[in-house]
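Enquirer:
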Amino acid sequence: MAITPFERDLVEAALGDVYDPELGLDIVSLGLVYDIYDEDGLLVVDMTLTTPGCPVSESLPQEAGAAVAEAVGPLGRTSEVRVVWDPPWSVERMSDEAAERLGFSRPRPDPVTVRRA
Amino acid sequence: MPASVPPPDVPLSFLGASGLALVVLGVVLALTASHIVSAPSDDVPIAVTHVAMLGFLTTGVLGALHQFSTVVGMRPLRSIAWARVTFYVVVAGVWLLPVSFASHDNPLVAGAGALLTIGFCLAAWNLSGPLSSRRKDPSLTGLRWSVAGLLTTAGFGVTYAFDRNGTWFNLSPNVDLAHAHIGLLAWLGLAYVAVAEKLWPMFLLAHRPGRSPGVLAVRLVPAGVVVVVAGLLTDERYVALAGGVIVGAGLGCHLASFAGLVRHRRRPLELLHAFVIASAVFLVAAAGLAAAAGFAPVSTTVRSGLASAEVAALASWLGLALLGHVHKVVPFVVWGVFRSREIRTGPGGRPLLFADLWRKDVGRATFVTATCGFSGTVAGLASGLAPLVVAGGVCLATTGVLALANLTLTPLRLLHRVHPEPPTASVVGVTARG
């Protein structure tokens, strides 16, 4: 069974309400959600954490799991959130708004690369 | 919370008692400033020193270690019940000892020393659970050595406590200094250096390439302290100097580690880093004061003042670091308490954040009073000016009140304001994949 666009939207919206309590930003804007896919009927969310020793390393994935289950459970979907470390999280994964709120002025793209693209 | 982490009352009780001790420390510093400046080796200054070293610093660091050793070692304490017993034993000893010094009651000094030794042995036994983890981690290495430093300090201290008349060994100022340096560097300083290696990358979201200089720091500091203490006990100032150079190299690695993390940080600096940077300034000042106390051509009185100022500067290094980190650690622990009570929203109905559990303006005021307080105390001791110590004491007492009020009243006010949400019914499995 594939993930429908409706289910993907539901999951992303649910994860958008899960906040990193230290940074005050949701995990989607932070770029912590890597993938949402179907695995033999199981809806799987791959997410990471900002650092391996993150103080909310247990509670944040649990909260994400609860949010996803609440969103897709009524559709008869079972779900699982998996914590992955590869690739490691980086600032570049954050949305522009999140980067701005954390006070980052991200490096501008190399003009040569932009021209080639 | 990770399953290995102890219940919140364990770290919070130690940290609360440490905050109260800071208030008392400030008050007694202000009240006894002239005595401290004129005769730093007398019983009353020694009592005040023990309020600082044991009541404020050791109690606070023990609270932090009961939390962090379990995170670093990924193993629980050996016994939560005994952790609570440890708290009561340590707090009783911590307060009995200065009182017994100040009242010149030698049997009471011995009793308090024995009580504290029991408390520290209990703490070491309990912490040995998480610290016996087989993980390769510089923080674990440093914490193991620092607990050894705690036991050495306690062993040294209890011998002192039972030998107040100097029957077994000469109670010279150098012996005092040796004791102070084991406690400040091998126990408290090393614990901070070790814990910082774990906390700073998290707080700065820093992924540093390559090996941390902190790996060297956790080895050089304890090795150097052994040499410093040997030099002090044998009155060989060049041996002490050599030890000082080794400790300095270790602490230099610690500061280099911080600088590297700041360079590779992924979020802006914040209040914690103001505390950390100010605390590092005191560390550098302590090195300068130690060199001056050891080698400057000055009178015995001035040398004694410089040595006292050096000890105070080391305590200030650790005090500022402790105060900065409790503004991170306490909200984190309290957040867990709120979540366990199903309180998930903060002011305005948005998700509960660590930042909702303390006030930044009060935190900034705490930083200012703490920095002024420690500066006044160190400057007063170095210059022999009691009014500076009085001002320092007043600022430190204010710091303790501000920190305690901020970290306890802010969550309590929030608790009364927000309405708990009903518990969520859905529970899903969470697995980790490499």
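First to last, the sequence lines map onto chains V and P. My numbering numbers the first residue of the first sequence as 251 and each following residue consecutively. My numbering numbers the first residue of the second sequence as 753 and each following residue consecutively. For every residue, glycine included, the Cβ atom is placed at its ideal position computed from N, Cα and C.
#1: Look at the Cβ atom of A1048 of chain P, then the Cβ atom of A1065 of chain P, and state whether they are nearer than 9 Å.
#2: Return the bridge partner residues of I286 of chain V from the DSSP annotation.
#3: How should E257 of chain V be labelled, buried or exposed, when 16 other C-beta atoms within 10 angstroms of its C-beta is the threshold for buried?
#4: Taking Cβ positions only, does W877 of chain P come closer than 9 Å to chain V?
#5: Starting from P338 of chain V, find everything on chain P with Cβ-Cβ shorter than 8 Å and list it in chain order.
#6: Given a cut-off of 9 Å, decide if F1119 of chain P and F1027 of chain P are closer than it, judged by their beta-carbon atoms.
#7: What's the call for P311 of chain V, buried or exposed, on a 16-neighbour Cβ count within 10 Å?
#8: Of all the residues that make up the stretch 1096-1108 of chain P, which are near chain V by a beta-carbon distance shorter than 7 Å?
#9: Which term fits V899 of chain P, buried or exposed, when burial requires 16 or more other beta carbons within 10 angstroms of its beta carbon?
#10: What's the gap between the Cα of D395 of chain V and the Cα of L260 of chain V?
#11: How many angstroms separate the CA atom of L275 of chain V from the CA atom of T298 of chain V?
#12: Of all Cβ atoms in chain V, is any one closer than 9 Å to the Cβ of G1181 of chain P?
#13: Using only alpha-carbon positions, find the residue among P:W1069, P:W1110 and P:G1101 that is nearest to V1085 of chain P.
#14: Between A782 of chain P and G1057 of chain P, which are expected to be in contact by the criterion C-beta below 8 Å, what is the C-beta distance as a whole number of angstroms?
#15: With distance defined between alpha-carbon atoms, name the residue in P:V1153, P:L1159 and P:G1040 nearest to L1082 of chain P.
#16: Could you say which of P:F1034, P:V800, P:R1055 and P:H1077 lies nearest to V779 of chain P if we only look at CA atoms?
#17: Any beta carbon from chain P within less than 9 Å of S309 of chain V's own beta carbon?
#18: Could you round the C-beta distance between F820 of chain P and V947 of chain P to whole angstroms and report it? I think they count as a contact, below 8 Å.
#19: Below 9 Å between beta carbons: does that hold for G1132 of chain P and V789 of chain P?
#20: Please name the residue or residues paired with L275 of chain V in a DSSP beta bridge.
#21: Would L1161 of chain P be called buried (16 or more neighbouring beta carbons within 10 Å of its own) or exposed?
#22: Hey, how far is the Cα of R836 of chain P from the Cα of L874 of chain P?
#23: Helix, strand or coil: how does DSSP classify P882 of chain P here?
#24: Run down chain V in chain order and give the residues with a C-beta less than 7 Å from the C-beta of W1087 of chain P.
#25: Check whether the Cβ atoms of V841 of chain P and L867 of chain P sit closer than 9 Å, and answer yes or no.
#26: Leaving out the 5 sequence neighbours to the left and right, which residues in its chain are closer than 6 Å to A958 of chain P when beta-carbon positions are compared?
#27: P759 of chain P by DSSP, collapsed to three states: which one?
#28: If you measure from the beta carbon of R886 of chain P to each beta carbon in chain B, is any gap under 9 Å?
#29: With a threshold of 7 Å on Cβ separation, who are the neighbours of A930 of chain P within its own chain once the five nearest residues in sequence on each side are excluded?
#30: What did DSSP end up calling P1103 of chain P once you bin it into helix, strand or coil?
#31: Have a look at P:F1126, P:P759, P:K888 and P:L879 and flag the residue whose alpha-carbon is nearest the alpha-carbon of L829 of chain P.
#32: V268 of chain V to R827 of chain P, Cα distance in whole Å?
#33: When you compare each of P:L940, P:T838 and P:G976 to D761 of chain P by their alpha carbons, which one comes out closest?
#34: Since P763 of chain P meets chain V, which of its residues come closer than 9 Å, beta carbon to beta carbon?
#35: So the candidates are P:A854, P:N922, P:L814 and P:A1042; which of them puts its Cα closest to the Cα of G771 of chain P?
#36: So, helix, strand or coil for T919 of chain P, using DSSP?
Expert: In terms of the structure at hand:
#1: Your numbering for residue 1048 of chain P matches position 296 in the second sequence. Your numbering for residue 1065 of chain P matches position 313 in the second sequence. For A1048 of chain P and A1065 of chain P, no; Cβs fall outside 9 Å.
#2: By one-based count along the first sequence, residue 286 of chain V stands at place 36. Note: I286 of chain V sits in a beta bridge opposite V:V295.
#3: Here residue 257 of chain V corresponds to residue number 7 of the first sequence, with the count starting at 1. Flag for E257 of chain V reads buried.
#4: As a first step, residue 877 of chain P is located in the second sequence; it is residue number 125 there, counting from the start. W877 of chain P does not count as touching chain V.
#5: Counted from its first residue, the first sequence places residue 338 of chain V at position 88. Result: H959.
#6: Translated into positions along the second sequence, residue 1027 of chain P becomes position 275. Translated into positions along the second sequence, residue 1119 of chain P becomes position 367. Cβ atoms of F1027 of chain P and F1119 of chain P: closer than 9 Å.
#7: Locating residue 311 of chain V in the first sequence gives position 61, where the first residue counts as 1. Answer is buried; the Cβ neighbour count reaches 16.
#8: P1103, L1104, L1105, F1106 and A1107
#9: The sequence position of residue 899 of chain P within the second sequence is 147, counting from 1. Label assigned to V899 of chain P: buried.
#10: A query on residue 395 of chain V cannot be resolved here, the shown segment of chain V reaching from 251 to 367 and no further.
#11: Start at 1 with the first residue of the first sequence, and residue 275 of chain V comes out as number 25. Start at 1 with the first residue of the first sequence, and residue 298 of chain V comes out as number 48. The straight-line gap from Cα to Cα measures roughly 14 Å.
#12: To locate residue 1181 of chain P, count along the second sequence from 1; it is residue 429. Unreliable positioning characterises G1181 of chain P in this predicted model, as indicated by a pLDDT of 42, which lies under 50. The coordinate reading is nonetheless provided below. Judged by the 9 Å Cβ criterion, G1181 of chain P is in contact with chain V.
#13: Position 333 of the second sequence, counted from the first residue, corresponds to residue 1085 of chain P. It is P:W1110.
#14: The residue labelled residue 782 of chain P in the question sits at position 30 within the second sequence. The residue labelled residue 1057 of chain P in the question sits at position 305 within the second sequence. Going by Cβ atoms, the distance from A782 of chain P to G1057 of chain P rounds to 18 Å, so no, they are not a contact pair.
#15: Counting from 1 along the second sequence, the entry for residue 1082 of chain P is found at position 330. Here residue 1082 of chain P is Val; the residue named in the question, Leu, does not match the sequence. Minimum Cα distance to V1082 of chain P is reached at P:L1159.
#16: For the purposes of this step, residue 779 of chain P is taken as the residue at position 27 of the second sequence. When each option's Cα is compared against that of V779 of chain P, the closest is P:V800.
#17: As a first step, residue 309 of chain V is located in the first sequence; it is residue number 59 there, counting from the start. Yes - at least one Cβ of chain P is within 9 Å of the one on S309 of chain V.
#18: As a first step, residue 820 of chain P must be located in the second sequence, where it is residue number 68. As a first step, residue 947 of chain P must be located in the second sequence, where it is residue number 195. Yes, they are in contact, since the Cβ atoms of F820 of chain P and V947 of chain P sit about 5 Å apart, within 8 Å.
#19: Taking the first residue of the second sequence as 1, we reach residue 1132 of chain P at position 380. Taking the first residue of the second sequence as 1, we reach residue 789 of chain P at position 37. Against a cut-off of 9 Å, the Cβ pair of V789 of chain P and G1132 of chain P comes out as a contact.
#20: Residue 275 of chain V sits at position 25 when you count from the first residue of the first sequence. Answer by DSSP bridge pairing, in chain order: V:D270.
#21: Mapped onto the second sequence, residue 1161 of chain P falls at position 409. Exposed is the call here.
#22: Residue mapping note: residue 836 of chain P aligns to position 84 of the second sequence, counting from 1. Residue mapping note: residue 874 of chain P aligns to position 122 of the second sequence, counting from 1. When rounded, the distance between both Cα atoms is 10 Å.
#23: What you label residue 882 of chain P is simply residue 130 of the second sequence in a count that begins at 1. DSSP places P882 of chain P in helix when its eight states are reduced to three.
#24: The residue you call residue 1087 of chain P lines up with position 335 of the second sequence. What W1087 of chain P touches in chain V: P271.
#25: Counting from one through the second sequence, the residue named residue 841 of chain P turns up at place 89. Counting from one through the second sequence, the residue named residue 867 of chain P turns up at place 115. Yes, Cβ-Cβ distance for V841 of chain P and L867 of chain P is below 9 Å.
#26: Translated into the one-based positions of the second sequence, residue 958 of chain P becomes position 206. So the list reads L1013, H1016 and R1017, once near-sequence residues are dropped.
#27: For the purposes of this step, residue 759 of chain P is taken as residue 7 along the second sequence, with counting starting at 1. Coil at P759 of chain P, not helix or strand.
#28: Among the protein chains in the structure shown, which are V and P, there is no chain B.
#29: Taking the second sequence and counting its residues from 1, one reaches residue 930 of chain P at position 178. Counting only Cβ-Cβ distances below 7 Å, and skipping sequence neighbours, we find V981, L984 and L985.
#30: One-based indexing of the second sequence puts residue 1103 of chain P at position 351. Residue state, collapsed to three classes: strand.
#31: One-based indexing of the second sequence puts residue 829 of chain P at position 77. It is P:L879 whose Cα lies nearest to the Cα of L829 of chain P.
#32: Position 18 of the first sequence, counted from the start, is the residue given in the question as residue 268 of chain V. Position 75 of the second sequence, counted from the start, is the residue given in the question as residue 827 of chain P. In a straight line, the C-alpha of V268 of chain V is about 28 Å away from that of R827 of chain P.
#33: For the purposes of this step, residue 761 of chain P is taken as residue 9 along the second sequence, with counting starting at 1. Taking only the C-alpha atoms, the option nearest D761 of chain P is P:T838.
#34: On the second sequence, residue 763 of chain P is found 11 positions in, with the first residue counted as 1. Here the premise fails: no neighbours, minimum Cβ distance about 13 Å.
#35: Position 19 of the second sequence, counting from 1, holds the residue named residue 771 of chain P. Nearest option by C-alpha distance: P:L814.
#36: Position 167 of the second sequence, counted from the start, is the residue given in the question as residue 919 of chain P. Residue state, collapsed to three classes: coil.
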